[in-house]
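In the working numbering, the protein residues as written are 1 to 149.
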């Protein structure tokens with residue numbers, strides 16, 4: 001087992017290598033605009049999960065996933081050559097759900113803003129149910145002198 005720091009450094013290096021190789025060496029026409037968002041390496045450095053996003057519709061995402069799967073061997077060879085580790089980690093490509101999650105969060109924030117606007121509109125014309133200032137006031141010193149006499 002290696003330490004977590006070494007796994008993080010290895011993940012950063014794999015991210016850099018794979019992104020560069022996709023940009024410069026992989027010439028698959030199915031490959032769309034792919035961005036490597038994150039890489040996670042297991043503690044034993046044997047498996048690397050590469051998260052990516054694809055700009056485009058569902059058809060382009062499926063085509064890019066197939067292109068990445070077909071280029072997996074070439075990318076793994078290059079990772080092994082450039083990192084120089086004893087055991088080259090296996091690469092697993094996973095489409096990152098970050099854009100969909102961000103869109104969902106934006107929709108939730110829009111609903112919350114609309115609800116806040118409704119509450120603000122209802123509050124604008126509202127008046128207190130009782131006295132304008134319902135809190136007790138401390139007695140004033142003049143009242144104490146009048147009671148003493």
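Glycine included, each C-beta is placed from N, C-alpha and C at the ideal position.
{"Item": "Determine which residues share a DSSP beta bridge with residue 50 and list them.", "Value": "39, 93"}
{"Item": "Given this structure, state the Cα-to-Cα distance separating residue 61 from residue 122, to the nearest angstrom.", "Value": "46 angstroms"}
{"Item": "Count the other CB atoms within 10 Å of the CB of residue 36; is the residue buried (16 or more) or exposed (fewer)?", "Value": "buried"}
{"Item": "Could you tell me the alpha carbon to alpha carbon distance between residue 54 and residue 134, rounded to whole angstroms?", "Value": "59 angstroms"}
{"Item": "Within the segment 71–135, note down every full alpha helix (DSSP H) run reaching 4 residues or more, in order along the chain.", "Value": "72–83, 98–124"}
{"Item": "Using DSSP bridges, identify the partner residues of residue 33.", "Value": "55"}
{"Item": "Would you call residue 70 buried or exposed, if buried means 16 or more other Cβ atoms sit within 10 Å of its Cβ?", "Value": "exposed"}
{"Item": "Is residue 140 helix, strand or coil by DSSP?", "Value": "coil"}
{"Item": "Grab the span of the alpha helix (DSSP H) containing residue 27 for me, first residue to last.", "Value": "Unbroken run through residue 27: none, as it is neither H nor E."}
{"Item": "Are at least three pairs of beta-carbons, each pair with one atom in the segment 109–120 and one in the segment 63–83, less than 8 angstroms apart?", "Value": "no"}
{"Item": "Pop quiz: residue 39 and residue 4 are said to be a contact at Cβ under 8 angstroms. What is the actual Cβ separation, rounded to whole angstroms?", "Value": "Residue 39 to residue 4, Cβ: 14 angstroms. No contact."}
{"Item": "Look up residue 45 in the DSSP assignment and say whether it is helix, strand or coil.", "Value": "coil"}
{"Item": "To the nearest angstrom, how far is the alpha carbon of residue 13 from that of residue 83?", "Value": "8 angstroms"}
{"Item": "When the Cα of residue 21 is compared with those of 112, 100, 81, which residue comes out closest?", "Value": "81"}
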